[in-house]
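> Let me begin by handing over the structure; questions about it come next.
Protein chains in written order, with this note's numbering: chain H, 26 to 121; chain C, 80 to 640; chain R, 29 to 191.
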């Protein structure tokens, strides 16, 4: 999947189609490297729009029908800090 | 939340004059302009990043993080209330006190930052140079102005250094960050030897006060303890000397490998003697040039801002009897004050189970009330992520304790094993490899029993979530470094570090422990200490006597089985 | 393309940059340190102004006594984050007593111009879209300064003392 931060408020974003969504579960999964690379290339070209920053790809896997990031860092980034479970997307605070 | 019964008190600390106020205001305007240019695309992210860092703004894992400067850890109640207000209005109701005595907010929006900076400017605060490759916040002993151990209050010099380093035109694009600390006591509470540069106020053989300057300390990937650059710099020469060190660093540091660009690398590459020679050359010229000389009347003028408060006389000079819980707290968290009838009180933000160093906006407001009621409107932030009320009457200690209990900040654990330093770690930080806060919480919970804590005595645990070492793990009696091993969090143990006057770099034990093993491993290490210590030995002393072997054997014993 | 700013206005650049392997034309030339060291005799024998362009890793002290032969020293910013030239400019104005033109070239930001001006730069090679208005604005964003530098600007301490 492809993630970035919204420039003006730092919101964590996930790529879907040619746009962005706030929840990882709504984001697009690239099952082929070529598709992932193309998405990153498209986002990189769009940096000049000054809407988002620092796009990068990260790995996910399917566990029991759910898409879950492979790395702990991305799990936390998608949900929110584990030590403040009442904050972040995990608590319904989709925006920063 | 204003308590109308409590009258705000303005402490004796540096106060902005029209020049300082204009400086901060213009800096805010400048940054607002930079934000606008970034949003319009006139500045790319690559260009904007160092500019926003020099205004304390990071892009972290979940959002922007803003780091607010708390110069030499000193805050007034008015400033504390403003921080609470900012936490409520622009963030999620809490802030985090850092290992450089600053305050961080984790959920900031870029577009709100100019507004926040203006609010901070209203109370003489700013975010200038709290990040970036420049001179950072100048820190000092949290007991400054209150302890009888000091030659003099180090904060006037810290303030002078702060002004001299603010937007210094030659040094805003250094090779890397540059951290300065100032001390005035033999006992080092500000980790001087771990800084890029440190000034210790000393007396020479003739009894004249001057400055010992050290440089080249630093944490991170390659930890180093500082070398002495000069045993004694005369008062009037100090800025010329510090500028000489910075100039040599700016000219001669590498710029080709970000991991080799701190001054510690330069000094240890060319050797401290060569560094001293280069610095001496610059210093002689700067001294001759004369424009950086610090006249005594200027030092006196700044010192006057920090005059001690009018201490009452004839106060009872004993700590009241107020029950066993209070007595436990007083035993660790109350320290000797230079004025009879007074004490220094540490508020540990480390109640077992809490996030170390965090305070909610409500807690900040109540602390502001405590500051006004009991501590002449003043608090200090410590590099161990605690707070200190510097000037409290002994007779007021029970009332203070009672209030701290309501706040859940009454843990009687200053300096004990549950007084843990932890960086924000992977829960918040873009640079982290592992979480650090849950580890601090699990260890603190494990050792919660107060009798056990006292049995163990002084034991400083410091936890970092990555090699950048913001948790100061190299200087922990027990240091813990979070690493990423194939996507799983592991924790390495590092033993025998110290951030005090007996500074030492901790030694890595070996392979890391899993998230659920690390607290047990720490316990096994502590048990070795308890079994082998000689009378009077702290953990650190026993480690230094025995070396790594017995601790390592015990730590891995369970894992091997 | 680039423009030259001097004394708060666009200026004609009278120096011709010469590549290390190119022949020296007539008139004022700007050469690299390596070229100067190679063709020192030839360059000093000419009656026309010489400029040298120093890379950020090149300490101006290397110029030694020859420094007085230069009318122009250009200090390169290979990447705006590389701030060594701030110290090189300061050194040129103080220890080395250089009174000729110190020109900022390469990758630097609008936001660095004021600092450059303070430490002794007096000319800037800027992109075409860098206006004089921008230049002047850069110098006025911060009215006062805390520390002395080559611009001789009064410090806040001096202003406080009514100097």
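All C-beta atoms in this analysis are idealised placements derived from N, C-alpha and C, irrespective of residue type, glycine included.
All figures in this text were calculated on a predicted structure; none of them were measured in a lab.
For a test of your reading of the model: does the CB of residue 105(R) fall under 8 angstroms from any non-hydrogen atom of the ligand FMN? Yes or no.
Absence of the ligand FMN from the depicted structure is noted, as is the absence of any ligand whatsoever, leaving it without description.
> Please determine, among 109(R), 188(R) and 65(R), the residue with the shortest C-alpha to C-alpha distance to residue 173(R).
As a working note, residue 173(R) is residue 145 in the third chain. Out of 109(R), 188(R) and 65(R), the CA that lies nearest to the CA of residue 173(R) is found in 188(R).
> Would residue 59(C) and residue 470(C) be called neighbours here (beta carbons separated by less than 9 angstroms)?
The displayed coordinates of chain C run from 80 to 640. Any statement about residue 59(C) would go beyond what the structure contains.
> Would residue 520(C) count as contacting chain H if we go by Cβ distances under 9 angstroms?
For the purposes of this step, residue 520(C) is identified with residue 441 of the second chain, where counting begins at 1. It does: the Cβ of residue 520(C) has a partner Cβ on chain H nearer than 9 angstroms.
> Cβ closer than 9 angstroms: which chain D residues qualify as neighbours of residue 34(H)?
In the structure shown, chain D cannot be found, because the protein chains are H, C and R.
> Can you find a CB in chain C that lies within less than 9 angstroms of the CB of residue 113(H)?
Position 88 of the first chain holds residue 113(H). Using a CB distance cut-off of 9 angstroms, residue 113(H) counts as an interface residue toward chain C.
> What three-state label does DSSP hand residue 308(C) in the structure shown?
Here the question's residue 308(C) lines up with position 229 in the second chain. DSSP places residue 308(C) in strand when its eight states are reduced to three.
> According to DSSP, is residue 620(C) part of a helix, a strand, or is it coil?
Walking along the second chain from the start, residue 620(C) turns up at place 541. Looking at residue 620(C) - three-state DSSP - the assignment turns out to be helix.
> Does the beta-carbon of residue 93(R) have 16 or more other beta-carbons within 10 angstroms, so that it is buried, or is it exposed?
Along the third chain, read from residue 1 onward, the residue named residue 93(R) stands at position 65. It is exposed - the Cβ of residue 93(R) has fewer than 16 other Cβ atoms within 10 Å.
> Compute the Euclidean distance between the alpha carbons of residue 172(C) and residue 455(C), then round it to the nearest angstrom.
Your numbering for residue 172(C) matches position 93 in the second chain. Your numbering for residue 455(C) matches position 376 in the second chain. Their Cα atoms are separated by approximately 26 angstroms.
> Just list the beta strand (DSSP E) runs in the region 53 to 114 of chain H, keeping only unbroken ones of 3 residues or longer that don't cross its boundaries, in chain order.
77 to 82, 85 to 88 and 91 to 94
> Output needed in chain order: residues of the region 149 to 173 of chain R with a Cβ under 8 angstroms from some Cβ in chain C.
Residues of the region 149 to 173 of chain R with a Cβ closer than 8 angstroms to any Cβ of chain C, in chain order: 169, 170, 171, 172 and 173.
> Using beta-carbon positions only, say whether residue 512(C) and residue 545(C) come within less than 9 angstroms of one another.
As a position in the second chain, residue 512(C) is number 433, starting the count at 1. As a position in the second chain, residue 545(C) is number 466, starting the count at 1. Yes, the Cβ-Cβ distance between residue 512(C) and residue 545(C) is below 9 angstroms.
> Should residue 51(H) be flagged as near chain C, meaning a C-beta pair shorter than 9 angstroms?
Counting from 1 along the first chain, the entry for residue 51(H) is found at position 26. Chain C contact via Cβ: absent.
> From 528(C), 242(C), 252(C) and 591(C), pick the residue whose C-alpha is nearest to that of residue 329(C); which is it?
On the second chain, position 250 is the one that residue 329(C) refers to. Nearest option by C-alpha distance: 252(C).
> Have a look at residue 104(H) and residue 42(H) and give me their C-alpha separation to the nearest angstrom.
One-based indexing of the first chain puts residue 104(H) at position 79. One-based indexing of the first chain puts residue 42(H) at position 17. Roughly 22 angstroms separates the two Cα atoms.
> Residue 133(R) by DSSP, collapsed to three states: which one?
Taking the third chain and counting its residues from 1, the one referred to as residue 133(R) is at position 105. Strand at residue 133(R).
> Taking the alpha-carbon positions, what's the residue 389(C) to residue 185(R) distance?
Locating residue 389(C) in the second chain gives position 310, where the first residue counts as 1. Locating residue 185(R) in the third chain gives position 157, where the first residue counts as 1. Each residue's alpha carbon lies about 28 angstroms from the other.
> On the CB-based measure, 16 or more other CB atoms within 10 Å of its CB, does residue 268(C) come out buried or exposed?
Within the second chain, numbered from 1, the residue matching residue 268(C) stands at position 189. So residue 268(C) counts as buried.
> Report yes if the CB atom of residue 167(C) is closer than 9 angstroms to the CB atom of residue 215(C), and no otherwise.
Counted from its first residue, the second chain places residue 167(C) at position 88. Counted from its first residue, the second chain places residue 215(C) at position 136. Against a cut-off of 9 angstroms, the Cβ pair of residue 215(C) and residue 167(C) comes out as no contact.
> Can you list, in chain order, the residues of the region 90 to 115 of chain H whose Cβ is nearer than 7 angstroms to any Cβ on chain C?
95, 96, 97, 98, 101, 102, 105, 106, 107, 108, 112 and 113
> Please name the residues in the region 114 to 125 of chain R whose beta-carbon is closer than 9 angstroms to at least one beta-carbon of chain C, in chain order.
114, 115, 116, 117, 118, 119, 122 and 123
> Helix, strand or coil for residue 415(C), going by three-state DSSP, please let me know.
Position 336 of the second chain, counting from 1, holds the residue named residue 415(C). Reduced to three states, the DSSP call for residue 415(C) is strand.
> Give a yes or no on whether the minimum CB-CB distance between residue 143(R) and chain C is below 9 angstroms.
The residue given as residue 143(R) occupies position 115 in the third chain. It does; some Cβ of chain C falls within 9 angstroms.
> Taking only beta carbons into account, state which residues of the region 566 to 580 of chain C come closer than 8 angstroms to chain H, listed in chain order.
566, 567 and 568
> Starting from residue 185(C), trace the beta strand (DSSP E) both ways and give me its first and last residue.
Taking the second chain and counting its residues from 1, the one referred to as residue 185(C) is at position 106. Unbroken beta strand (DSSP E) run through residue 185(C): 182 to 187.
> Using a Cβ-Cβ cut-off of less than 7 angstroms, list which residues of the region 552 to 565 of chain C approach chain H; keep chain order.
Listed in sequence order: no entries.
> Would you tell me roughly how many angstroms separate the C-alpha atoms of residue 112(C) and residue 137(R), rounded to the nearest one?
Here residue 112(C) refers to the residue found at position 33 when the second chain is read from its first residue. Here residue 137(R) refers to the residue found at position 109 when the third chain is read from its first residue. Taking the straight line from one Cα to the other gives about 14 angstroms.
> Among all the DSSP beta bridges, which residues are the ones paired with residue 45(H)?
Position 20 of the first chain holds residue 45(H). When beta bridges are read from the DSSP output, residue 45(H) appears opposite 40(H).
> May I ask you to report which of helix, strand or coil DSSP gives residue 113(C)?
Mapped onto the second chain, residue 113(C) falls at position 34. Residue state, collapsed to three classes: helix.
> Roughly how many angstroms separate the alpha carbons of residue 508(C) and residue 298(C), rounded to a whole number?
Translated into positions along the second chain, residue 508(C) becomes position 429. Translated into positions along the second chain, residue 298(C) becomes position 219. If you take the alpha carbons of residue 508(C) and residue 298(C), they lie about 18 angstroms apart.
> Determine, using beta-carbon pairs with one atom in the region 199 to 206 of chain C and one in the region 147 to 161 of chain C, whether at least three such pairs fall under 8 angstroms.
yes
> Would you say residue 489(C) reaches chain R, if we count a Cβ-Cβ gap shorter than 9 angstroms as a contact?
Along the second chain, one-based indexing puts residue 489(C) at 410. It does not; no Cβ of chain R falls within 9 angstroms.
> From the beta carbon of residue 210(C), is the nearest beta carbon of chain H less than 9 angstroms away?
Residue 210(C) sits at position 131 when you count from the first residue of the second chain. With 9 angstroms as the cut-off, residue 210(C) does not count as an interface residue toward chain H.
> Cα-Cα, which of 578(C), 598(C) and 583(C) is closest to residue 569(C)?
As a working note, residue 569(C) is residue 490 in the second chain. Comparing alpha carbon positions, the residue from 578(C), 598(C) and 583(C) closest to residue 569(C) is 598(C).
> What residue range is occupied by the uninterrupted alpha helix (DSSP H) comprising residue 348(C)?
Working through the second chain from its first residue, we reach residue 348(C) at position 269. Start and end: 342 to 349.
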